[in-house]
Amino acid sequence: MTDYWLNKLMFDLQGPGGKERWRDDREAVLDAYPFSPEMRQALIDDDLAKIQPHANPYLLRFYLLICGYDDAGSIEALGALHPGKEEREAANG
Amino acid sequence: MTDYWLNKLMFDLQGPGGKERWRDDREAVLDAYPFSPEMRQALIDDDLAKIQPHANPYLLRFYLLICGYDDAGSIEALGALHPGKEEREAANG
Amino acid sequence: MAEFVGSFAASHGPNIARNWEDLKSETRDWVVTRFGDLGNRLKAARPDVLVIHSTDHWVNFFLDAMPAFCVGIGAEHEGPPEPFMKPVYPHETLPGHESLGRHILEEAFAADFDPAYSMRLKLDHGMCVPIWQFGLDPALPIVPIFINLVEKPFPSPKRCLAWGRMVRRAIESYPEDIRVAVLGTGGLSHSIGETTMGWIDEPFDQACIELFRNAPDDRLASELDAMLENTGNGGAELRAWVISHAAAGSKGFDMVDYIPMPEALIGCGLAEWRA
Amino acid sequence: MAEFVGSFAASHGPNIARNWEDLKSETRDWVVTRFGDLGNRLKAARPDVLVIHSTDHWVNFFLDAMPAFCVGIGAEHEGPPEPFMKPVYPHETLPGHESLGRHILEEAFAADFDPAYSMRLKLDHGMCVPIWQFGLDPALPIVPIFINLVEKPFPSPKRCLAWGRMVRRAIESYPEDIRVAVLGTGGLSHSIGETTMGWIDEPFDQACIELFRNAPDDRLASELDAMLENTGNGGAELRAWVISHAAAGSKGFDMVDYIPMPEALIGCGLAEWRA
Ligand SMILES: [Fe+3]
Ligand SMILES: [Fe+3]
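Chains as they are written, first to last, in the working numbering: chain A, 7 to 99; chain B, 7 to 99; chain C, -10 to 264; chain D, -10 to 264.
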């Protein structure tokens, strides 16, 4: 289920300086959003498995970019979450 | 014809401190919008006759409020622009 | 299945809140008794959720993205942001009803409507003045639905009738056993920020009441469409009444009361549709 | 009366811009020649105005107000805000076509659609990658129309067919003697930010091409609807092609070329509908 505030955070980070604020002052950024303690911790810990189910995929792709993942890194990290990774690889050829 | 930037100005002035900025530092506020010289001057001069045809009426009502008009003042000032003021008064009973 | 338990409409002039302390005592008495009456009727229907239709007053939307219809599907919405609302209805948030909102949204798409949706709306005086005066404090869970009635083009009265019928079907196909009421807010005639500001068009208001009482849908739509050309801009908000009317199956209109209310700059009216 | 002079579709992966200098030379050659070819076909139709359909990629809209359709009626729109677009398409603004935009909006309302409208849109890589690669610099006046294809619910393929037919009728009823082309951008298959990210679903892409070639509207709508359940999220953007298809009267589909393009993470295709 998509989470309004999680997506709002990622949407807002698109603005100028977003990448730097997220890198340098993550806790201060997080203070502006009413996250549950679990989601806040997942964001601090870069716990993609807890973040992914609640994020719009296009916003998540952007978020992974500003977290330093290139496309290959995002494909690897997201693919690792898939319950049937083999099926995915078969599908991807 | 409604003017995007004129309405944007009035919309933005709804925010906190809008009334004070408009009262104290009008030229600085205006610098943020690409107004034609005529519209800019009309806003500086409080030239309601030039402003009214291009503003959304609900936003104009709010704008008149922060310019210091109460309802009676707005009714008076807007009514004075009407080509057929007598008809209006007849309609109003 | 959910049950449709009633349909209501009420005016919402901001001055009822802004000038509450300074209204003439007979105006305030009228508001207290008539809104109180309609609030009691609404409570008697024992709704679990309220689907409210109103225009947004430049709070959620601007000209860079102006939806015709916007269905609120959030679990929570924000209380009125206007400073004059804070003293009378000081709620930071109001509860939404996520799953009924989403159901109405999906039924709308399936029925060839194209609404916007929102997971978090600001509920301005348009929705909160009636909620406050009905004594719904705190409010029951809400599905707020905004209709653009501030900058043209607007959805036609005919389209609003169709929307109201769709909302009724959506409520009655919602799989949970809950009771749902519909409220439309706005109108009757007023003129705001126009050269005719302050005009209360009583003949228009009486003609609208007569249409809700007696007119079949096609006549209601066409006559209202024509009448709206010749009254103040606030008359556009009668579309929220049209939606309540259609949700009720276009029958059973019961005008609770009406007065021209110059202090609020509106023709002030309240209605219930009795099944 | 205005004349409808052609209908086109093209993919728009952001990496075509973001990684332009680093693409393999054969990929870049393919992009230059194929987009160049479609650009030349479009120029040969001599349009005065281009009506473009695309999804917005979280630039204009957020979950607090997500329109299903949004018609751009401004005299001016903003160029792409993404930092990676600035080097390749550094336009602060692009010209809109106010009166055709407003005409399409009004015809949409009259035909029982409920689009949002916008007087000022930001045109992201979705619209500007094809415009750039077509060599439209500066762009001709645009009526941008956004469809929500990023967070469900989306308008159905069936509804998009109806929208495309409505756009055609609106163009042909516009009272000025101008030439108008329609462009849809997006697709074909891709998967972005999902656990299947990077997946290019060639069988889906070939099936889509086959549908545009041969399927009557009802089969196109129902099969595409079913197919979209089982491919990556970017496949949703095929709806922009569906709109171009319907605007062309659902005939004359001519696939210019298609390749899976892993560097851009998309099945990359271009098409023209020949009258
Ligand atoms: Fe209102
Ligand atoms: Fe895209």
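Every residue, glycine too, gets a C-beta built ideally from N, C-alpha and C.
Sequence-distant residues of its chain with Cβ nearer than 7 Å to residue i (five each side left out)
| i | result |
| --- | --- |
| D/Gly20 | Position check: residue 20 of chain D holds Val in this sequence, whereas Gly was assumed. So the list reads Ile5, Gln122, once near-sequence residues are dropped. |
| D/Glu165 | Ala(-9) |
| C/Asp26 | Val245 |
| B/Trp11 | Tyr39, Pro40, Phe41 |
| D/Ala241 | The question names Ala, but residue 241 of chain D is Gly in the sequence shown. Only Trp262, Arg263, Ala264 meet the Cβ criterion. |
| B/Leu65 | Asn13, Met16, Phe17 |
| C/Arg7 | Phe73 |
| C/Val48 | Pro70, Lys111, Asp113 |
| A/Phe68 | Met16, Gln20 |
| A/Gly99 | Note that A/Gly99 scores a pLDDT of 45, beneath 50, so its modelled location is shaky and nothing firm can be said. |
| D/Leu200 | Leu209, Glu212, Leu213 |
Contacting residues, own chain, Cβ-Cβ under 8 Å from residue i (five flanking each side not counted)
| i | result |
| --- | --- |
| A/Ala34 | Arg27 |
| B/Asn62 | Thr8, Asn13, Met16 |
| B/Gly79 | Leu70 |
| D/Glu87 | Ile62, Gly63, Ala64 |
| B/Glu44 | Lys56 |
| A/Ala83 | Leu54, Leu70, Tyr75 |
| D/Phe24 | Ala(-1), Pro119, Gln122, Phe123, Leu259 |
| C/Arg202 | Phe242, Met244 |
| C/Glu252 | Asn4, Asn8, Leu12, Lys13, Thr16 |
| D/Pro205 | Ser239 |
Same chain only: Cβ atoms within 6 Å of residue i, ignoring 5 sequence neighbours per side
| i | result |
| --- | --- |
| D/Ser107 | Cys59, Gly61 |
| C/Gly256 | Leu177, Ser178, Ile189, Asp194, Pro249 |
| D/Gly(-5) | Ala34, Ala170 |
| D/Phe135 | Asp45, Cys59 |
| D/Ile160 | Ala(-9), Phe(-7), Val169 |
Cβ separation of residue i and residue j, assumed to be a contact under 8 Å, to the nearest whole Å
| i | j | result |
| --- | --- | --- |
| D/Pro144 | D/Ala57 | 5 Å |
| D/Phe73 | D/Pro3 | 7 Å |
| D/Asp113 | D/Asp45 | 7 Å |
| D/Leu172 | D/Ser233 | 7 Å |
| C/Val40 | C/Val231 | The Cβ separation is near 15 Å, so there is no contact. |
| C/Ser43 | C/Gly175 | 6 Å |
| C/Ser180 | C/Gly115 | Contact doesn't hold; Cβ gap of about 17 Å is too wide. |
| C/Glu140 | C/Met216 | About 20 Å; that fails the 8 Å criterion. |
| D/Pro146 | D/Asp214 | 5 Å |
heavy atom of ligand 3 below 7 Å from residue i C-beta
| i | result |
| --- | --- |
| C/Thr82 | Absence of ligand 3 is noted for the structure shown, with ligand 1 and ligand 2 being the only ligands found. |
Contact with chain E by residue i, beta-carbon distance below 8 Å
| i | result |
| --- | --- |
| C/Asp101 | In the structure shown, chain E cannot be found, because the protein chains are A, B, C and D. |
- Query: If you measure beta-carbon to beta-carbon, which residues of the stretch 62 to 74 of chain B are closer than 9 Å to chain C?
  - Reply: Asn62, Pro63, Tyr64, Leu65, Leu66, Arg67, Phe68, Tyr69, Leu70
- Item | Touch test, the stretch 14 to 26 of chain A against the stretch 67 to 76 of chain A, Cβ-Cβ under 8 Å, three pairs minimum | yes
- Item | chain D contacts made by the stretch 103 to 126 of chain C, where a contact means CB separation under 8 Å | Asp103, Pro104, Ala105, Tyr106, Ser107, Met108, Arg109, Leu110
- Query: Between the stretch 41 to 64 of chain C and chain A, which residues of the former have a C-beta closer than 8 Å to a C-beta of the latter?
  - Reply: Gly63
- Task: Could you say if the stretch 235 to 246 of chain D and the stretch 182 to 190 of chain D meet the contact criterion of at least three C-beta pairs nearer than 8 Å?
- Result: no
- Message: What ranges does the beta strand (DSSP E) occupy inside the stretch 95 to 158 of chain C, keeping only unbroken runs of at least 3 residues that lie completely in it?
- Response: 105 to 107, 131 to 136
- Residues in the stretch 81 to 99 of chain C with C-beta within 7 Å of chain D's C-beta atoms, listed in sequence order? Leu94, Glu95, Phe98
- Message: Going residue by residue through the stretch 160 to 196 of chain D, where are the continuous beta strand (DSSP E) segments of at least 3 residues, counting only ones entirely within it?
- Response: 168 to 174
- Three CB pairs or more closer than 8 Å across the stretch 63 to 74 of chain C and the stretch 197 to 216 of chain C: no
- Stretch-stretch touch, CB-based, cutoff 8 Å, three pairs: the stretch 75 to 95 of chain D with the stretch 127 to 137 of chain D: yes
- Query: Going along the chain, which residues of the stretch 206 to 221 of chain D sit with their C-beta nearer than 7 Å to a C-beta in chain C?
  - Reply: none
- Message: Three Cβ pairs or more, each shorter than 8 Å: is that satisfied between the stretch 6 to 25 of chain C and the stretch 87 to 107 of chain C?
- Response: no
- Message: Tell me which residues of the stretch 169 to 193 of chain D have at least one Cβ-Cβ distance to chain A shorter than 7 Å, keeping chain order.
- Response: Ile181, Gly182, Glu183, Thr184, Thr185, Met186, Gly187, Trp188
- Near-chain A residues of the stretch 245 to 256 of chain D - C-beta to any C-beta below 7 Å: Leu254
- Item | Touch test, the stretch 89 to 96 of chain D against the stretch 147 to 154 of chain D, Cβ-Cβ under 8 Å, three pairs minimum | no
- Message: Quick check on the DSSP output: what are the complete beta strand (DSSP E) runs of length 3 or more inside the stretch 67 to 99 of chain D, in order along the chain?
- Response: 82 to 84
- Task: Could you name the residues of the stretch 10 to 43 of chain A whose beta carbon sits closer than 8 Å to any beta carbon of chain C, in the order they occur along the chain?
- Result: Tyr10
- Anything in the stretch 136 to 162 of chain C with a Cβ closer than 8 Å to a Cβ of chain B? List those residues in chain order, please. Val139, Glu140
- Message: Report the start-end ranges of each alpha helix (DSSP H) in the stretch 34 to 63 of chain B that is 4 residues or longer and not cut off at the edges.
- Response: 43 to 50, 54 to 57
- Task: Let me know the alpha helix (DSSP H) ranges lying completely inside the stretch 193 to 235 of chain C, each 4 residues or longer, listed in chain order.
- Result: 206 to 217
- Task: Anything in the stretch 6 to 23 of chain D with a Cβ closer than 9 Å to a Cβ of chain C? List those residues in chain order, please.
- Result: none
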